[in-house]
Amino acid sequence: CGWCKRMDASTFKDPVIVDIFNKNFYAVKLDAEMKDSIRFNGHIFFNPNPATRRSVHTLAASLLDNKMSYPSFVILNSEYSRLQTMAGFKDALALEPIVTYFGEGQHLEKSYEAWHKSFSPKVVKKVKPNN
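For any residue, its number in the working numbering is found by taking its place in the sequence shown, counting from 1, and adding 2.
Here you go:
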């Protein structure tokens with residue numbers, strides 16, 4: 003997907019985002035249309051029609067409640083319970099507060115809205131030069 007590739011080339015290369023992921027998460031990239039089976043959390047997930055284009059893997063469908071949108075992100079806790087699902091392209095500025103909130107465990111103590119009021123971003127906004 004074009005937006006997935008754009009995130010790989012920009013958002014996931016931002017040093018602040020990389021640092022947050024490395025310190026707080028086990029990041030797993032899943033192709034929602036992959037052909038291979040996956041054993042996860044005591045279940046086997048698979049692609050029901052691997053020979054068909056755009057056939058959705060059952061793990062992706064399960065994690066996203068069949069609301070397929072690319073790219074999408076799911077944050078799970080250590081017991082594999084879903085904490086947050088996000089659909090669509092996110093630049094580093096948009097993704098930083100979300101992954102910081104969950105990565106630092108702030109979701110256990112405060113609402114996102116209350117926490118975000120005191121959040122100070124570290125991502126540097128990219129400024130395009132004038133032509």
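Backbone N, C-alpha and C fix where the C-beta goes; we use that ideal spot for every residue, glycine too.
Nearest-angstrom beta carbon gap, residue j and residue i [assumed within contact, 8 Å]
i: M70; j: A34; result: 7 Å
i: E37; j: N49; result: Checking the sequence, you will find Lys at residue 37 rather than Glu. 5 Å between Cβ atoms; contact.
i: L95; j: V125; result: 5 Å
Three-way DSSP call (helix, strand, coil) for residue i in this model
i: M9; result: helix
i: H109; result: helix
i: S64; result: helix
i: A89; result: strand
i: H118; result: helix
C-beta atoms of residue i and residue j nearer than 8 Å
i: C3; j: P73; result: yes
i: R8; j: F91; result: yes
i: T13; j: D93; result: yes
Spatial neighbours of residue i in its chain, beta-carbon cut-off 6 Å, leaving aside the 5 residues before and after
i: F47; result: I40, T60, L61
Same chain only: Cβ atoms within 8 Å of residue i, ignoring 5 sequence neighbours per side
i: L85; result: I77, L78, N79, F104, H109
i: C6; result: Y72, P73
i: V20; result: F14
Open item on the list: Is it the case that the region 51 to 58 contacts the region 9 to 26, given that we only count it when at least three CB pairs across the two stretches are under 8 Å?
Closed with: no
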